[in-house]
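K.L.:
Got a structure for you, questions after.
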Amino acid sequence: MKIPGHVAIIMDGNGRWAQQRGLPRIQGHIEGSKATKRAVLACDDIGVKYCSVYAFSVENWKRPVQEVEGLMTLIEKALRTEIDELHEKNCRFIASGRLEELPETLQQAFQEGRERTAGNTGMTLNVLINYGGRAEIADAAKRLARKAIAGELDLETIDEDMIGQALYSPEVPDPDIVVRPGGEFRISNFLLWEVAYSEFVVLPVLWPDFRREHLVEAISIYNSRERRFGGLVRDEDDRQL
Ligand code: FPP
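Just so we're on the same page, the numbering used here is the position in the sequence shown counted from 1, plus 8.
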């Protein structure tokens, strides 16, 4: 089986999971964070090199303040608790998004986690937080425009590679596969630039119920797809079909 280099996950269904059980939504996120740990460890174990998880979008601030605060606290706690194990497993931690708008203590936790694991050579865990695909592209445009105004960049040289390099985490390759639990066929402003040629796998399982077997299922669906990157399929003799 071909192992995708970069698995990106839209962690969806925490609210529905809680609602089905008559529990507050935050309980769904708490169980969801356990699923995140399972998924990250499974990715590492399987040999995935980059794992991106969508933890909080720029749109998520519109949720009730209690839920937003609960999520921020949960994410910070999860990071502070799990960073030792990530480090032991030689994993690198990074975060992508408008990080400067996050609570100070969370920013600090991210910075500490990033610095501590910067020299590791195993899987990179990329947490997308206060992230929006359109916001990322707008921020990249602003960064390039600033350089052009400062005379450090000739407008005519701007190309796709340069925009890619101006995104939040240019060292992370584009996702090979986007996994969306929760059954919805939507991209939800997730990695809009980067998913140009990613395979999209939607699974009916709600995120808190996500297990290693679901990741394996997603990877085997990915293996059954034929990626053409806009080109033509060629057989073993390299003839055009
Ligand atoms: C979407 O479910 C999920 C989120 C907005 C939060 C995801 C965050 C976690 C799982 C916390 C752990 C993260 C890390 C990085 C430790 P939803 O509430 O939109 O579900 P619904 O569609 O059923 O309402």
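The beta-carbon is built from N, C-alpha and C at its ideal position, and this holds for glycine as well.
On the DSSP bridge list, what partners appear for residue 271?
P.N.:
With the chain covering 9 to 249 only, the question about residue 271 has no answer from this structure.
K.L.:
Quick check on this structure: which residue in 68, 155, 188, 219 has the alpha carbon closest to the alpha carbon of residue 15?
P.N.:
Measuring from the Cα of residue 15, the nearest candidate turns out to be 188.
K.L.:
Below 8 Å, can you find three or more Cβ-Cβ pairs linking the segment 90-99 to the segment 156-171?
P.N.:
Judged by Cβ distances under 8 Å, the segment 90-99 makes no contact with the segment 156-171, as fewer than three pairs qualify.
K.L.:
With DSSP as the reference, label residue 216 as helix, strand or coil.
P.N.:
Correct three-state label for residue 216: helix.
K.L.:
Measuring from the CB of residue 83, is there a heavy atom of ligand 1 at a distance below 7 Å?
P.N.:
The answer is yes for residue 83.
K.L.:
Measuring alpha carbon to alpha carbon, tell me which of 229, 34, 26, 39 ends up nearest residue 9.
P.N.:
It is 229.
K.L.:
State the Cα-Cα distance for the pair residue 167 and residue 28, rounded to the nearest angstrom.
P.N.:
Distance between the alpha carbons of residue 167 and residue 28: 48 Å.
K.L.:
State the CB to CB distance for the pair residue 222 and residue 214, rounded to an integer number of angstroms; the pair is presumed to be in contact (CB under 8 Å).
P.N.:
About 11 Å; that fails the 8 Å criterion.
K.L.:
With a threshold of 8 Å, are at least 3 pairs of Cβ atoms found where one atom belongs to the segment 184-200 and the other to the segment 140-156?
P.N.:
Short answer: they touch.
K.L.:
Helix, strand or coil for residue 11 per DSSP?
P.N.:
Coil at residue 11, not helix or strand.
K.L.:
Are the Cβ atoms of residue 100 and residue 68 separated by less than 8 Å?
P.N.:
Against a cut-off of 8 Å, the Cβ pair of residue 68 and residue 100 comes out as no contact.
K.L.:
For residue 82 and residue 37, which I take to be in contact (beta-carbon distance under 8 Å), what is that distance rounded to the nearest angstrom?
P.N.:
Indeed, because the Cβ distance is near 6 Å, the residues count as touching under 8 Å.
K.L.:
Using C-beta distances below 7 Å, list every residue in its chain close to residue 124, excluding the 5 sequence neighbours before and after it, in chain order.
P.N.:
Once the five neighbours on either side are set aside, the close Cβ partners of residue 124 are 91, 95.
K.L.:
Quick check on residue 223: does DSSP put it in helix, strand or coil?
P.N.:
Here residue 223 sits in helix by DSSP.
K.L.:
Note down the Cα distance separating residue 219 from residue 238, rounded to an integer number of angstroms.
P.N.:
Roughly 33 Å between the two C-alpha positions.
K.L.:
Do residue 80 and residue 136 count as a contact pair if the criterion is CB distance below 8 Å?
P.N.:
No, these two residues do not count as a Cβ contact at 8 Å.
K.L.:
Going by the C-beta, is residue 69 closer than 7 Å to any heavy atom of ligand 1?
P.N.:
No, the beta carbon of residue 69 sits no closer than 7 Å to any heavy atom of ligand 1.
K.L.:
Below 8 Å CB to CB, which residues in the same chain sit around residue 42 once its five sequence neighbours on both sides are set aside?
P.N.:
Excluding residues within five positions, the ones whose Cβ falls inside 8 Å are 216.
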